[in-house]
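Asks: Dropping a structure here in C-alpha cells format, bear with me for questions.
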Amino acid sequence: MKDKRQFSSRSLVLIVICVAINMIAGQMISMLKLPLFLDSMGTVLCAVLAGPWVALFTGLVTNLLWGLLTGPIAAAFAPVAMVIGCVAGVMARAGWFKSFGRVVITGVVITLCLTVVAVPIRTYLFGGATGSGADFVVAYLHAVGEGLQESVAFTVIGINLIDKILTVLIVWGLLRRMPERTRHNFPHMAPIR
Amino acid sequence: MHPFTWLVLWFWYSVSALFLPLPILIGWSVVPVAIILIWPQARWRIKIVMAFMVPMGIGLWLVHSHWLQSLFSHSGKISFAAPIFVVALWLCLLVFFAAAQLWLQKVPTQVFVAALFSSRLPVGIAYLCAGPLLLKEQLKQQLAAIKEAQSARGVSFDGTLIQRLKTIVPLLSPLLLQSLNDLTTRSSALDARAFRRYPHRTVLKPIFEHRWEPFLRVVLLCCLLVEGGAFWLYRSILIG
Amino acid sequence: MALSLDIDRLVVDVYGVFQLGPMTLKLEEGQWLAVFGGNGSGKSLLAKFLVGALEDSAVRHVHGRGEVLGSNILLENEMKYTRQWVQQSPYLQFSGCCFTVEDEIAFGPQNLALPAAEIMIRVETALTRFKCQHLRLRNPQTLSGGEAQRVLLACALVMHPKLLVLDQALGRLSPEATYQVLDVIQCYVQELHCSVVMLEHRLFPAADYCQQRVLLNEGSASPFGEQLPASLVQHVVLPEQLKTVLLQETQNINEIAHLLSPFMRGGQACSL
C-alpha cells in the first residue's frame, strides 16, 4: 500500500500501540513490585521498529496524554521522552542493537542524552526539586559545594541509568523473540542480531 | 465554554504568574486553591494538589535553603531561611498545578477528545489522543490474563528482585506479539473507513461555543505577549 | 449487468506461502459468491487480495487478469472504502478511537465528509436493521462477540460498499442471528447493488444465499459443480446428516444438488 502522507495509518496505529504500552508500564511495575519506571519501553520499541521520527512522536504523545490525565508536570517532561525516542532510533539504525554489549552502551547513551535535556527542565522549571527522595541527594550535593545543575545531573543519571539500560535490554529481548512472520511486517526495522 | 477556551484560560493564568511580583503572586495563587475548596465537585482534588505541592515545597527548601550548608559547616548559627525566588517558584508551581486540576475537573478527557475531533486540527492528532486511552484498557486486561496464565504455569512473581526482573519478558512477550500482529488488521480497518482520505470530515455533534470565544482566546494570548514584554522591559530597566 | 469481479486465470505468488490460483471468477453486481475452504486453503489471502490489502512487498509475482469493481487490482492495490472486508475478530476492526457504538458506526461516513443529515439516516438505518439500538451508547470494547460482529457489519455496510467480503465474519453469532444478519445484508445488497463474497469453512448458511459457489483448496479454486462429494466432505464443514449422505454418492455435486435442498432455508424478504 502506497502512502503519500507523512504518517501512514500503520505508523499511527504503531504509535498508539507503543503509547499504550508506555502507559501500562505502571500497572506492570506495581504487579511485580519493581523499583523502576520502565515507562519508555514503548518509545524504544517504536524506535527500533520504525525509526527516530515515529518514536519521537510516541514519546511526545505519551507525555501529553499523561498531562491530560494527571496534570501538567508530565507534559513538561515531554522533551525528555522525545529525546529518548530520537536517540534510541538513531542508535538502532546505526546498528547499536545487535549485541548485548552494544545494547547496554545504547542504554548509557540514552541516559546521558536525556540528562542533557532533563537537567535544564528540572533546574529552571522546578528549581532542582521533584518532591521525591531524590531531593535529599540533590540538596546534599548542593550543600557540599556542587553547583545546582551538576547536582541535578548526578541525580538524574543515578535514577535513570539502571532504568534505561533495563528498558533497552528488555525491548531487545522482546524483539529477538519475535517470529519471522511478524518481523516481515516491519521492513524498516533496525537490525537486532 | 469550549474546552479549548478553558485550556487557553489556564495557560494565560499560569504563565501570567511568572511575571507577577511576589505580593500579587500570593493572591494569584490563592484563587485557584480557593476555587477548588469552594467547588464541591472539585474538593477532592485538594488532596492531589497537596500530595504534589507539599513534598515539592520541602524539596525546594532542602535544596535551596542554607540549612544543610549551615549544618555541614558546623558554624554556630543554623539558618532556616530560603531565598525569595524559591518561594516565588513554589507559588508559580502552585498556580500551574492547582489551575490545571480545575481544568481537569471542568473538561473530562472524553470531552477534550471530542473537542479535538470536532476541531479543525488534523484528525490524526485526535486519533493519537483517543487511541491509547481505549487501547490501554484492553492491554491492561490482557496483561492481567497473561499473568494468570503464567502463574498457572508455575512462573512465580514473588521471588527475588532478579527473578522478578526475569519475568518481565515472558509477561510482555505475548502481549507485544499479539498487538504487533494485529497492527495490520487495525490499520486496514482504519483505511477501509476512509480515515484521513479527505482533508475535512463532517462534524456530527459540534461542541457549543459562544461567538466571542475565539476572540477571547486571541485576546488572552495577546495579553500574555504584552505581559511578557512589559516584564522583560521592567527587568532590563532595573538591571541597566 | 456490470461485473463486480472479473478474474481470469489469475495467479498470485506470495512469499512464504503457496501460490494462489490459477482462478477464474466472475461475479455480477448484486450477486453472492461463496468460497469454501478449510484452514490454510488461502481464503484470507484471497480476501486480502480482493480488497487491496495485500502489500506489494509480500507478493512475488502476479499474472493473469483481475478486475474488481472495474479497476485492475494487479496495478493498484489501495484500500478503497467501496470494498469492505469484515474479518473474524471483531474487536480489532473497530476504529479504536470512538467511545460509543453510535460514534463508531458514524466514524466511516464522517470520514467521507458526507452531509450530517445523510450520516444520521445511514446510522439510524444500520442500527435499526442490525437490531443494535440498545447498544448505541455502549463502549465498543465492552460488547460481547456476537454484538460486536453485528456492530462491525453495521460499520461496514454504512459505508455503502459495492463489494462486501465476509471472511468468516459470522462465527460468533447464533444460527438464528446469522440468518437474520444475512437477511439484512440481502436488504442492503438489493438497495445498493452490492456484491457479496462469503469465505466460509461451513457450508451453511452461505450456501443458502450464494448462487455461485467455489471450493478453494491450497490456493486453487474450482467451481462446486465439478467437485466430488468426497472432497467436499474433506474440506468443508457440513451438517452430519448431509455428510453421511454425500459420502455414499459418487456423482459430482451438480447432479446431486437436490440432496442439499432439505438443508436450505431460503432468505426472508427484507421488511425494513
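Residue numbers (our numbering), protein chains in the order written: chain A, 980 to 1172; chain B, 453 to 692; chain C, -9 to 262. Glycine included, every Cβ here is placed at the ideal spot set by N, Cα and C.
What residues in the region 63 to 87 of chain C bring their beta carbon closer than 8 Å to a beta carbon of chain A?
Replies: Listed by position, the residues of the region 63 to 87 of chain C near chain A (Cβ gap below 8 Å) are Asn67, Glu68, Met69 and Gly86.
Asks: When the Cα atoms are used, what is the spatial distance from A/Val998 to C/Val204?
Replies: What you label residue 998 of chain A is simply residue 19 of the first sequence in a count that begins at 1. What you label residue 204 of chain C is simply residue 214 of the third sequence in a count that begins at 1. Taking the straight line joining both Cα atoms gives about 44 Å.
Asks: In whole angstroms, what separates the C-alpha of B/Thr457 from that of B/Ile659?
Replies: On the second sequence, position 5 is the one that residue 457 of chain B refers to. On the second sequence, position 207 is the one that residue 659 of chain B refers to. Spanning the two alpha carbons is a distance of roughly 12 Å.
Asks: Indicate whether A/Ala1054 and A/Leu1043 have their beta-carbon atoms separated by less than 8 Å.
Replies: Counted from its first residue, the first sequence places residue 1054 of chain A at position 75. Counted from its first residue, the first sequence places residue 1043 of chain A at position 64. Yes, the Cβ-Cβ distance between A/Ala1054 and A/Leu1043 is below 8 Å.
Asks: Can you give the beta carbon distance from A/Val995 to B/Pro574, rounded, assuming they're within the 8 Å contact cut?
Replies: Here residue 995 of chain A refers to the residue found at position 16 when the first sequence is read from its first residue. Here residue 574 of chain B refers to the residue found at position 122 when the second sequence is read from its first residue. Not a contact, Cβ separation roughly 15 Å.
Asks: What is the rounded straight-line gap between the Cα of B/Pro622 and the Cα of B/Ile598?
Replies: Working through the second sequence from its first residue, we reach residue 622 of chain B at position 170. Working through the second sequence from its first residue, we reach residue 598 of chain B at position 146. Taking the straight line from one Cα to the other gives about 9 Å.
Asks: To test your reading of the DSSP string, which unbroken alpha helix (DSSP H) runs of 4 or more residues are found completely within the region 1071 to 1122 of chain A?
Replies: For the region 1071 to 1122 of chain A, whole alpha helix (DSSP H) runs of length 4 or above, ordered along the chain, are 1079 to 1099 and 1113 to 1122.
Asks: Of all the options A/Thr1161, A/Phe1165 and A/Leu1148, which has the alpha carbon lying nearest to the alpha carbon of A/Met1020?
Replies: Indexing the first sequence from 1 puts residue 1020 of chain A at position 41. The shortest Cα separation from A/Met1020 among A/Thr1161, A/Phe1165 and A/Leu1148 belongs to A/Leu1148.
Asks: What alpha helix (DSSP H) runs, 4 residues minimum, are completely inside the region 471 to 546 of chain B?
Replies: Correct list: 474 to 490, 497 to 516 and 519 to 524.
Asks: Give, in chain order, every unbroken run of the beta strand (DSSP E) that is at least 3 residues long and sits entirely within the region 2 to 70 of chain C.
Replies: The region 2 to 70 of chain C contains these whole beta strand (DSSP E) runs: 9 to 18, 22 to 26 and 49 to 58.
Asks: Span of the alpha helix (DSSP H) holding B/Ser603?
Replies: Numbered from its first residue, the second sequence carries residue 603 of chain B at position 151. Per DSSP, B/Ser603 belongs to the alpha helix (DSSP H) from Val575 to Ala604.
Asks: In whole angstroms, what separates the C-alpha of B/Tyr465 from that of B/Ala551?
Replies: Within the second sequence, the letter at position 13 stands for residue 465 of chain B. Within the second sequence, the letter at position 99 stands for residue 551 of chain B. Approximately 8 Å between the Cα atoms of the pair.
Asks: Looking only at C-alpha atoms, which of C/Val91, C/Leu35, C/Pro252 and C/Ser85 sits nearest to B/Ser640?
Replies: One-based indexing of the second sequence puts residue 640 of chain B at position 188. Here the closest residue by C-alpha is C/Ser85.
Asks: For A/Leu1153, collect the residues of the same chain with a Cβ closer than 8 Å to its Cβ; drop the 5 residues on either side in sequence, then sort them by chain order.
Replies: To locate residue 1153 of chain A, count along the first sequence from 1; it is residue 174. If we look at A/Leu1153 and ignore the five residues flanking it on each side, its Cβ neighbours are Leu1024.
Asks: So which residues of chain B does A/Gly1190 contact, with C-beta pairs closer than 7 Å?
Replies: Nothing about residue 1190 of chain A can be reported from this structure: the residues present for chain A run from 980 to 1172 only.
Asks: Between B/Arg649 and the ligand HEM, is the CB less than 7 Å from at least one heavy atom?
Replies: For the structure depicted, the ligand HEM is absent and the ligand set is empty, with no information on it obtainable.
Asks: Rounding to the nearest angstrom, what Cα-Cα distance links B/Met453 and A/Asp1114 in this structure?
Replies: What you label residue 453 of chain B is simply residue 1 of the second sequence in a count that begins at 1. What you label residue 1114 of chain A is simply residue 135 of the first sequence in a count that begins at 1. Cα to Cα, the separation comes out at about 40 Å.
Asks: With a threshold of 8 Å between beta carbons, is A/Gly1086 in contact with chain B?
Replies: Reading the first sequence from its first residue, position 107 is the one you call residue 1086 of chain A. No, A/Gly1086 does not count as interfacial toward chain B.
Asks: Quick one: grab the DSSP three-state call for C/Arg73.
Replies: Numbered from its first residue, the third sequence carries residue 73 of chain C at position 83. It is a strand residue.
Asks: Output, in sequence order along the chain, the residues in the region 32 to 48 of chain C whose CB is closer than 7 Å to any CB in chain A.
Replies: Cβ contacts with chain A: Glu45 and Ser47.
Asks: Taking Cβ positions only, does B/Thr637 come closer than 8 Å to chain C?
Replies: As a first step, residue 637 of chain B must be located in the second sequence, where it is residue number 185. Judged by the 8 Å Cβ criterion, B/Thr637 is in contact with chain C.
Asks: Can you look up C/Gln123 in the DSSP assignment and give me helix, strand or coil?
Replies: Here residue 123 of chain C corresponds to residue number 133 of the third sequence, with the count starting at 1. It is helical.
Asks: Which residues in chain B sit within 7 Å of A/His1121, going by Cβ to Cβ distance?
Replies: In the first sequence, counting from the first residue as 1, residue 1121 of chain A sits at position 142. Chain B residues near A/His1121: Val515.
Asks: Is there a Cβ from chain B that is less than 8 Å from the Cβ of C/Gly263?
Replies: In this structure chain C extends from -9 to 262, so residue 263 of chain C is not present and cannot be described.
Asks: Would you list the residues sitting across from C/Met188 in a DSSP beta bridge?
Replies: In the third sequence, residue 188 of chain C corresponds to position 198, counting from 1. Per DSSP, C/Ala24 and C/Leu156.
Asks: Does the count of Cβ pairs from the region 142 to 158 of chain C and the region 96 to 111 of chain C closer than 8 Å reach three?
Replies: These segments touch.
Asks: Should A/Met980 be labelled buried (16 or more other beta-carbon atoms within 10 Å of its own) or exposed?
Replies: Here residue 980 of chain A corresponds to residue number 1 of the first sequence, with the count starting at 1. Caution applies to A/Met980, whose pLDDT of 37 falls short of 50 and renders its modelled position unreliable; the model cannot decide the point.
Asks: Which residues does DSSP list as the beta-bridge partners of A/Pro1166?
Replies: The count along the first sequence starts at 1 and reaches residue 1166 of chain A at position 187. In the DSSP output, where bridge partners are listed per residue, A/Pro1166 has none listed.
Asks: Would a check of beta-carbon distances place A/Gly1068 closer than 8 Å to chain E?
Replies: The displayed structure is made up of protein chains A, B and C, and chain E is not among them.
Asks: Exposed or buried, what is B/Trp542 when buried is set at 16 or more other beta-carbons lying within 10 Å of its beta-carbon?
Replies: The sequence position of residue 542 of chain B within the second sequence is 90, counting from 1. With 16 or more Cβ atoms within 10 Å of its Cβ, B/Trp542 is classed as buried.
Asks: When the distance is taken between beta carbons, is C/Val155 closer than 8 Å to C/Leu40?
Replies: The residue you call residue 40 of chain C lines up with position 50 of the third sequence. The residue you call residue 155 of chain C lines up with position 165 of the third sequence. Contact flag set, yes.
Asks: List the residues of chain A whose Cβ lies closer than 8 Å to the Cβ of B/Gly576, in chain order.
Replies: To locate residue 576 of chain B, count along the second sequence from 1; it is residue 124. Correct list: Phe986 and Leu991.
Asks: Could you list the residues in the region 477 to 505 of chain B with a C-beta less than 7 Å from some C-beta on chain C, going in chain order?
Replies: Answer set for the region 477 to 505 of chain B: empty.
Asks: Looking at the C-beta of A/Pro1170, does it have a partner C-beta in chain C at a distance below 8 Å?
Replies: On the first sequence, residue 1170 of chain A is found 191 positions in, with the first residue counted as 1. No, because no Cβ of chain C sits closer than 8 Å to the Cβ of A/Pro1170.
Asks: Would you tell me roughly how many angstroms separate the C-alpha atoms of C/His124 and A/Arg1162, rounded to the nearest one?
Replies: Start at 1 with the first residue of the third sequence, and residue 124 of chain C comes out as number 134. Start at 1 with the first residue of the first sequence, and residue 1162 of chain A comes out as number 183. One C-alpha to the other measures close to 41 Å.
Asks: Measuring CB to CB, does B/Pro484 end up less than 8 Å from B/Val547?
Replies: Against the second sequence, residue 484 of chain B aligns to sequence position 32. Against the second sequence, residue 547 of chain B aligns to sequence position 95. A contact, by the Cβ cut-off of 8 Å.
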